[in-house]
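Colleague: Just so we're aligned, residue 3 is where the sequence shown starts under this note's numbering, counting upward by one. Ideal Cβ positions, reconstructed from N, Cα and C, are used throughout, including at glycine. One structure is given below, represented as C-alpha cells, and several questions about it will come after.
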Amino acid sequence: MGRADQQLRLIAEAVEVAGALGAEMWLRGGWAMDFFLGEVTRDHEDIDWFAWAKDAGKLSEGLLLHGHQPVSGPPPDLQLDVVKGGLGSSFTLLDRDTAGRVVVAGGPWAGTPWPEGMLDAGPGRIGGLRCAVVSPQAQIEIKRMMPIWDPSRPRRTKDAEDIARLETALRARAGGPGEVRGSAVALPRPAHRPASPDAL
Numbered sequence: 003m004g005r006a007d008q009q010l011r012l013i014a015e016a017v018e019v020a021g022a023l024g025a026e027m028w029l030r031g032g033w034a035m036d037f038f039l040g041e042v043t044r045d046h047e048d049i050d051w052f053a054w055a056k057d058a059g060k061l062s063e064g065l066l067l068h069g070h071q072p073v074s075g076p077p078p079d080l081q082l083d084v085v086k087g088g089l090g091s092s093f094t095l096l097d098r099d100t101a102g103r104v105v106v107a108g109g110p111w112a113g114t115p116w117p118e119g120m121l122d123a124g125p126g127r128i129g130g131l132r133c134a135v136v137s138p139q140a141q142i143e144i145k146r147m148m149p150i151w152d153p154s155r156p157r158r159t160k161d162a163e164d165i166a167r168l169e170t171a172l173r174a175r176a177g178g179p180g181e182v183r184g185s186a187v188a189l190p191r192p193a194h195r196p197a198s199p200d201a202l
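Right under this line is the structure:
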C-alpha cells in the first residue's frame, strides 16, 4: 500500500474519531487541496488539520485509543501532533475571539485572526471519503503569505504548483477568467516553523 492510501485511511479514521466525539476539524494544506479537487495530485509528507482548542483533549485521547502516539514539538495550546505507522498528523488549534472571529488558539500569536470564511467551504471528497476542508481561497492566501510570515522559509515550487491548481479549479467553477485573490484580512504569522516541509 502506498503512502497516499495509508494517509487516506488515517484521514478516514480521524474523521470517524472526531465524529464519535462531536469534535469539528478541517483538513488544511496539501490534503485539503486534494479533497477540494477530488483527486490525489501529489505526494504528501503528512496530514494537516485545524481543530478547536476546546476539543484537543478528547481528540488526543480518541486518537491514542486508535494507536496514534503523541509527538512533542510546538506548544500544546497551539498544536497537537501524533504519529501512527510512521505517518504524522498535525492539528493546529483554533479559538474564537470576542468578535466571533476564528483565531490562533495559543503560542506567541494567540488571538491573531485567520482568514475570514476559512472554515465555510464545506466538505471535500476523494472517492467515497468526505471530509471538511478549509476554503481554497484561504489555502491560496496562506501559501502565498508563509514566506513573508517566516522569511527563513523559501518559497517552494510545490506551493506555486498548488496555488495554480486551486486557481484553475476556482476559475473553472466560477466560469470565468482572471486570477483568484484571497481575502484582505490580516493573517497570522506562524508561531513556529512546521516540523514537516509539507505542513502547509
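How many angstroms separate the CA atom of glutamate 63 from the CA atom of aspartate 57?
Modeller: Numbered from 1 along the sequence shown, position 61 holds the residue referred to as residue 63. Numbered from 1 along the sequence shown, position 55 holds the residue referred to as residue 57. About 10 Å.
Colleague: Among Ala16, Gly119, Ile128, Pro156, which residue has its Cα nearest to the Cα of valine 139?
Modeller: Locating residue 139 in the sequence shown gives position 137, where the first residue counts as 1. It is glutamine, not valine, that sits at residue 139 in the sequence shown. It is Gly119 whose Cα lies nearest to the Cα of glutamine 139.
Colleague: Thinking just about the alpha-carbon of each residue, which of Leu80, Gln71, Pro115 is nearest to the one in glycine 88?
Modeller: What you label residue 88 is simply residue 86 of the sequence shown in a count that begins at 1. For the residues Leu80, Gln71, Pro115, the minimum Cα distance to glycine 88 belongs to Gln71.
Colleague: Assuming contact is defined by CB atoms lying nearer than 7 Å, are aspartate 164 and methionine 27 in contact in what I supplied?
Modeller: For the purposes of this step, residue 164 is identified with residue 162 of the sequence shown, where counting begins at 1. For the purposes of this step, residue 27 is identified with residue 25 of the sequence shown, where counting begins at 1. The answer is no: Cβ separation not under 7 Å.
Colleague: In the structure shown, what three-state DSSP assignment does proline 138 receive?
Modeller: Here residue 138 is taken as the residue at index 136 of the sequence shown, counted from 1. Note: proline 138 maps to helix in three-state DSSP.
Colleague: Are the Cβ atoms of alanine 123 and leucine 39 separated by less than 7 Å?
Modeller: Taking the first residue of the sequence shown as 1, we reach residue 123 at position 121. Taking the first residue of the sequence shown as 1, we reach residue 39 at position 37. Against a cut-off of 7 Å, the Cβ pair of leucine 39 and alanine 123 comes out as no contact.
Colleague: Please list, in chain order, all residues of the same chain as glycine 90 whose beta carbon is under 6 Å from its beta carbon, the five residues on each side excluded.
Modeller: By one-based count along the sequence shown, residue 90 stands at place 88. Asp48, listed in sequence order.
Colleague: Rounded to whole angstroms, what's the CA-CA distance from leucine 168 to methionine 147? Just pull it up for me.
Modeller: Counted from its first residue, the sequence shown places residue 168 at position 166. Counted from its first residue, the sequence shown places residue 147 at position 145. Computed Cα separation, rounded: 16 Å.
Colleague: Return helix, strand or coil for aspartate 83, following the three-state DSSP convention.
Modeller: Counting from 1 along the sequence shown, the entry for residue 83 is found at position 81. DSSP places aspartate 83 in strand when its eight states are reduced to three.
Colleague: What's the C-alpha gap between glutamate 143 and histidine 68?
Modeller: Stepping through the sequence shown from its first residue, residue 143 is reached at position 141. Stepping through the sequence shown from its first residue, residue 68 is reached at position 66. Cα to Cα, the separation comes out at about 34 Å.
Colleague: What three-state label does DSSP hand valine 73 in the structure shown?
Modeller: Translated into positions along the sequence shown, residue 73 becomes position 71. Valine 73: coil per DSSP, three-state reduction.
Colleague: Determine the DSSP secondary structure at leucine 172, reduced to helix, strand or coil.
Modeller: The residue labelled residue 172 in the question sits at position 170 within the sequence shown. Leucine 172: helix per DSSP, three-state reduction.
Colleague: Classify arginine 157: buried if its beta carbon has 16 or more other beta carbons within 10 angstroms, exposed otherwise.
Modeller: Here residue 157 refers to the residue found at position 155 when the sequence shown is read from its first residue. By the neighbour-count rule (16 or more Cβ atoms within 10 Å), arginine 157 is not buried but exposed.
Colleague: Look at the alpha carbon of serine 92 and the alpha carbon of aspartate 99, and state the distance between them as a whole number of angstroms.
Modeller: As a position in the sequence shown, residue 92 is number 90, starting the count at 1. As a position in the sequence shown, residue 99 is number 97, starting the count at 1. Straight-line Cα distance between these residues: approximately 23 Å.
Colleague: Quick one, are the C-beta atoms of leucine 61 and alanine 53 less than 7 Å apart?
Modeller: Numbered from its first residue, the sequence shown carries residue 61 at position 59. Numbered from its first residue, the sequence shown carries residue 53 at position 51. Going by C-beta atoms, leucine 61 is nearer than 7 Å to alanine 53.
Colleague: Rounded to whole angstroms, what is the Cα-Cα separation between leucine 95 and glutamine 9?
Modeller: In the sequence shown, residue 95 corresponds to position 93, counting from 1. In the sequence shown, residue 9 corresponds to position 7, counting from 1. Taking the straight line joining both Cα atoms gives about 21 Å.
Colleague: Opposite leucine 96 in the DSSP bridges: which residues?
Modeller: By one-based count along the sequence shown, residue 96 stands at place 94. Looking at the DSSP assignment, leucine 96 forms a beta bridge with Trp54, Val106.
Colleague: Quick one: grab the DSSP three-state call for leucine 29.
Modeller: Walking along the sequence shown from the start, residue 29 turns up at place 27. Of the three classes helix, strand and coil, the one that applies to leucine 29 here is strand, per DSSP.
Colleague: If you count every other CB in all the chains shown that lies within 10 Å of the CB of glycine 180, and 16 or more means buried, which is it?
Modeller: In the sequence shown, the residue the question calls residue 180 occupies position 178. Interpretation of glycine 180 is limited by its pLDDT of 47, a score under 50 that renders its predicted location unreliable; the figure taken from the coordinates is listed afterwards. Glycine 180 is exposed by the Cβ-count criterion.
Colleague: Using a Cβ-Cβ cut-off of 6 Å (strictly less than) and excluding sequence neighbours within five positions of aspartate 161, which residues of its own chain qualify?
Modeller: Counted from its first residue, the sequence shown places residue 161 at position 159. Cβ within range, chain order: Lys145.
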